[in-house]
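Engineer:
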Amino acid sequence: MMQNPKPIKFDRNVSALLLFGVALLLYNLTLLPGLGGGDTAEFQRVGPTLEIAHSTGYPLYSIVTWLWSKVLPFGSVAWRINLFSAFAAALSLTIVAQIALKLGLAQGWAWACAAILGLSATFWQQATHAEIYAFAVLLQVGTIWLILAWRQQQVAFCWLGLAAGLMLGHHRSSLFLLPWMLIAACWQQRPTGRQILLAIAAGLISFVPYLYIVWRAPVWQNGWAVLTEYLLGSAGGAWFDPQRAASQAWQRFVAVQGELFGPQLTWLGFGLACYGFWQCWRQQRPIAIMLAGSYCSILGFCLAYFVDDLAVFGLGAYVMQALLIGFGLAYLPWPRWSLAGALAISVWLAWQNLPHIQASNTAEIERLARQRLAEPIAAQSLVIGDGWSIESLRYLQAVEQQRPDLEFSFQADQQRIRDQLARGRQVYALQAIPELALQHRKLGDWWQIENKPLQFSQQLSVGWQNGIQLTGLELPSHAQNQLLVALRWQTAQPLPSLIRFIHVLDQAGNLVAQTDSPTNPTSQTWALDQAQSDLLAVDLAAPLPAGRYTVIVGWYDLSGQRMQLEAGNDTYELGQIVID
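If you use my numbering, the sequence shown corresponds to residues 65 to 644, in order.
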């Protein structure tokens with residue numbers, strides 16, 4: 065028998081507004097304060113400037129965030145787009161609670177569903193910075209609400225087609241929800257042929273925003289070709305590998321369900337969801353099929369999808385699990401234990417996730433981006449970096465009109481760099497590009513690449529027992545804030561992934577500065593008996609006392625075990641420098 069908590073006398077509309085306000089306040093307090101990096105910076109840029117995002121373009125999101133950035137009259141543009149995610153997430157939780165109420169759960173359990181979902185790690189993180197996932201969840205839960213309203217004869221069936229089309233058009237992962245939604249919608253009340261045709265028409269109309277891509281495509285691109293690619297979502301197929309998933313089998317399942325999906329709403333929550341599924345199956349079978357089927361379909365997709373940010377693709381599954389948790393809490397025979405369990409899960413999630421959210425949502429990304437763009441980079445230069453960093457700079461250029469003369473790229477190949485240098489254009493990179501075998505000069509965070517062959521004034525033959533040889537060295541005699549070192553390596557045998565370290569020691573042998581990192585390219589990719597240039601900068605962060613210092617080099621594996629030289633020790637002295 066379903067147990068209800070002690071009733072709280074709230075009108076449903078007042079309750080919904082209160083839940084929305086509390087959620088929006090929480091997400092606003094933990095919001096990323098400004099500019100982000102990577103995809104976040106991209107979405108902070110493409111909406112307000114009506115540009116095109118990476119595949120699948122997300123035109124609806126771009127149009128909506130453009131309107132949002134115009135309507136909201138205060139705050140930086142980056143902050144406004146972050147706030148849109150908070151708004152979408154808070155509204156999603158409000159709708160989740162309304163769904164729970166439509167399913168017959170009491171108001172207390174509806175709030176529990178929303179609280180547990182809203183405090184989970186991935187949902188909370190996506191609610192606090194510019195990304196498409198909070199909006200995707202809003203479209204998903206809106207579609208579920210309309211399905212229930214259709215089942216209760218409150219809306220026309222065509223609205224389901226429109227909502228499903230918007231949901232699927234915004235993010236293709238919603239495809240894994242669609243069959244189960246159709247089962248729930250048509251289980252008892254089957255639509256007529258006319259209603260189905262109207263719903264299909266409405267669904268197709270929902271793809272009209274994709275014409276935005278043709279309209280806003282750069283002149284050097286074929287807008288219709290881009291539209292076709294984005295509609296098919298073909299770029300995402302590169303990470304979909306069922307064969308690899310099958311070969312890893314149980315190991316992959318543990319990695320995804322055991323380490324990623326399961327802990328999102330806690331394992332106690334997962335247990336309650338399993339119990340809730342059983343109770344829901346007994347009471348409302350089509351709803352149980354929709355919730356559990358959607359969860360399993362998304363899980364199955366994620367098992368075969370190999371990307372770093374896999375957790376965000378499970379958001380639809382977390383929504384379904386939260387609703388099943390509501391059923392589990394409602395049907396436990398001990399109401400007090402149900403309340404205690406809901407409270408315990410919520411408090412645990414808040415305690416676990418709040419420090420991580422606060423640590424990741426700081427102004428440091430924006431500070432670093434502005435600092436990098438303030439460096440005296442020559443006009444009309446080509447600027448190369450990783451996607452995470454370059455997108456922040458593109459935002460500053462496109463939205464704030466900073467340094468419009470620069471070209472930012474994270475796809476410049478070696479030949480293009482050489483061609484640009486040959487034409488007299490300056491080239492800067494966030495990381496040294498040693499495979500060019502060209503001289504580099506450090507400028508703040510940037511490496512300025514010069515059209516001069518890399519020189520090694522010292523020719524060496526220093527061997528390690530694993531086959532590595534140090535054959536060349538360029539070490540300055542003096543340094544101030546940074547020590548620039550150029551090394552040339554080669555190997556006589558295949559290498560695993562190794563870490564190369566440079567340590568700076570004072571006259572007493574104390575470590576005062578260091579850099580430990582893989583080489584670029586990494587050691588396991590080195591060709592045998594071919595020279596590998598290695599450029600690096602050691603930050604002498606705290607102003608070191610003037611004097612003479614010793615510089616040493618060495619290697620260690622991923623377990624921390626140092627590699628031995630042929631001479632028997634584990635470090636080689638490169639030389640001495642004087643810090644002025």
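Even glycine gets a Cβ: it sits at the ideal position worked out from N, Cα and C.
In angstroms, rounded to a whole number, what distance separates the CA positions of L114 and I127?
Structural biologist: If I take the Cα positions, the gap works out to 7 Å.
Engineer: Where does S270 land, buried or exposed, given buried means 16+ other C-beta within 10 angstroms?
Structural biologist: Under this definition S270 is a buried residue.
Engineer: Mind checking who A603 pairs with in its DSSP beta bridge?
Structural biologist: The question names Ala, yet the displayed sequence has Asp at residue 603. DSSP, once it has assigned bridges, lists Q546 as partnering D603.
Engineer: Compute the distance between the beta-carbons of I116 and A281, then report whether it is under 9 Å.
Structural biologist: Taking 9 Å as the Cβ cut-off, I116 and A281 qualify as a contacting pair.
Engineer: Locate the alpha helix (DSSP H) running through S358, then write down its first and last residues.
Structural biologist: Segment 349–367, the alpha helix (DSSP H) holding S358.
Engineer: Cβ atoms of A153 and A164: under 9 Å apart, would you say?
Structural biologist: Against a cut-off of 9 Å, the Cβ pair of A153 and A164 comes out as no contact.
Engineer: Please say whether H193 and Y122 have beta carbons closer to each other than 9 Å?
Structural biologist: Against a cut-off of 9 Å, the Cβ pair of H193 and Y122 comes out as no contact.
Engineer: Is it the case that the Cβ atoms of A493 and V447 are separated by a distance below 9 Å?
Structural biologist: Yes, the pair counts as a contact, with Cβ atoms nearer than the cut-off.
Engineer: From the DSSP output, in three-state form, read off I643 for me.
Structural biologist: The answer is strand: DSSP assigns I643 an E or B state.
Engineer: Distance check for R480 and S237, CA to CA, integer angstroms please.
Structural biologist: About 37 Å.
Engineer: Counting pairs of Cβ atoms below 8 Å between the stretch 94–114 and the stretch 155–163, do you hit three or more?
Structural biologist: With a cut-off of 8 Å, the stretch 155–163 and the stretch 94–114 do not count as touching, because too few Cβ pairs lie within range.
Engineer: Please report the straight-line C-alpha distance between A408 and L418, rounded to a whole angstrom.
Structural biologist: Distance between the alpha carbons of A408 and L418: 15 Å.
Engineer: F472 bridges to which residues according to DSSP?
Structural biologist: For F472, which the question treats as bridged, DSSP gives the partners V447.
Engineer: I need the straight-line Cα distance from I304 to A368, nearest angstrom please.
Structural biologist: At residue 304 the sequence reads Phe, which differs from the Ile that was named. Cα to Cα, the separation comes out at about 6 Å.
Engineer: For S561, tell me which candidate among T535, S623, L539 has the shortest Cα-Cα distance.
Structural biologist: For the residues T535, S623, L539, the minimum Cα distance to S561 belongs to S623.
Engineer: Please return the same chain residues whose Cβ sits closer than 7 Å to the Cβ of V351, not counting the five positions on each side in sequence.
Structural biologist: The displayed chain sequence assigns Ile, not Val, to residue 351. L167, A248, C344.
Engineer: What are the complete alpha helix (DSSP H) segments, minimum 4 residues, inside the stretch 206–260?
Structural biologist: Complete alpha helix (DSSP H) runs here, min 4: 222–234, 242–250.
Engineer: Quick check: what's the CA-CA separation for V290 versus M231?
Structural biologist: Whole-angstrom Cα-Cα distance: 21 Å.
Engineer: Return the first residue and the last residue of the alpha helix (DSSP H) that T129 is part of.
Structural biologist: Here the alpha helix (DSSP H) through T129 covers 123–135.
Engineer: In angstroms, rounded to a whole number, what distance separates the CA positions of D621 and Q347?
Structural biologist: Their backbone Cα atoms lie some 57 Å apart in a straight line.
Engineer: Measuring CB atoms only, is the stretch 87–99 touching the stretch 129–136, in the sense that at least three cross pairs come out at less than 8 Å?
Structural biologist: They do not touch, by the three-pair rule.
Engineer: As an exercise, report each continuous beta strand (DSSP E) stretch of at least 3 residues that is fully enclosed by the stretch 527–574, in chain order.
Structural biologist: Runs found: 532–538, 546–555, 562–569.
Engineer: So, helix, strand or coil for H118, using DSSP?
Structural biologist: It is coil, neither helix nor strand.
Engineer: Alpha carbon to alpha carbon, what distance is there between R626 and L575?
Structural biologist: L575 and R626: Cα-Cα distance of roughly 17 Å.
Engineer: Taking the CB atoms as reference points, tell me whether E538 and F520 lie closer together than 9 Å.
Structural biologist: Against a cut-off of 9 Å, the Cβ pair of F520 and E538 comes out as a contact.
Engineer: When the Cα of S184 is compared with those of H542, A213, V411, G335, which residue comes out closest?
Structural biologist: Comparing Cα positions, the closest option is V411.
Engineer: Give every residue of the same chain whose Cβ lies closer than 6 Å to the Cβ of A356, excluding the five residues on either side of it in the sequence, and list them in chain order.
Structural biologist: Here the set comprises F341.
Engineer: Which partner residues of F304 appear in the DSSP bridge assignment?
Structural biologist: Bridge partners of F304: Y369.
Engineer: Could you have a look at W510 and say whether DSSP puts it in helix, strand or coil?
Structural biologist: Note: W510 maps to strand in three-state DSSP.
Engineer: Assuming the contact rule is C-beta atoms closer than 8 Å, L600 and T579 should be a hit. Round their C-beta distance to whole Å, please.
Structural biologist: With a Cβ gap of about 6 Å, L600 and T579 count as contacting.
Engineer: Using a threshold of 9 Å, state whether the C-beta atoms of A386 and I180 are closer than that.
Structural biologist: Going by C-beta atoms, A386 is nearer than 9 Å to I180.
Engineer: From S525 to G611, what distance separates their C-alpha atoms?
Structural biologist: One C-alpha to the other measures close to 29 Å.
Engineer: Does the beta-carbon distance from A265 to G225 come in below 9 Å?
Structural biologist: Contact flag set, yes.
Engineer: Measure the alpha-carbon distance for Y197 versus L629 and round it to whole angstroms.
Structural biologist: Going from the Cα of Y197 to the Cα of L629 covers about 51 Å.
Engineer: Between G536, S456, T614, P585, which lies nearest to A572 when the distance is taken from Cα to Cα?
Structural biologist: Out of G536, S456, T614, P585, T614 has the C-alpha closest to the C-alpha of A572.
Engineer: Look at the alpha carbon of L490 and the alpha carbon of A443, and state the distance between them as a whole number of angstroms.
Structural biologist: It is worth fixing the name first, because residue 490 is Gln in this sequence and not Leu. Using only the alpha carbons, I get a separation of about 8 Å.
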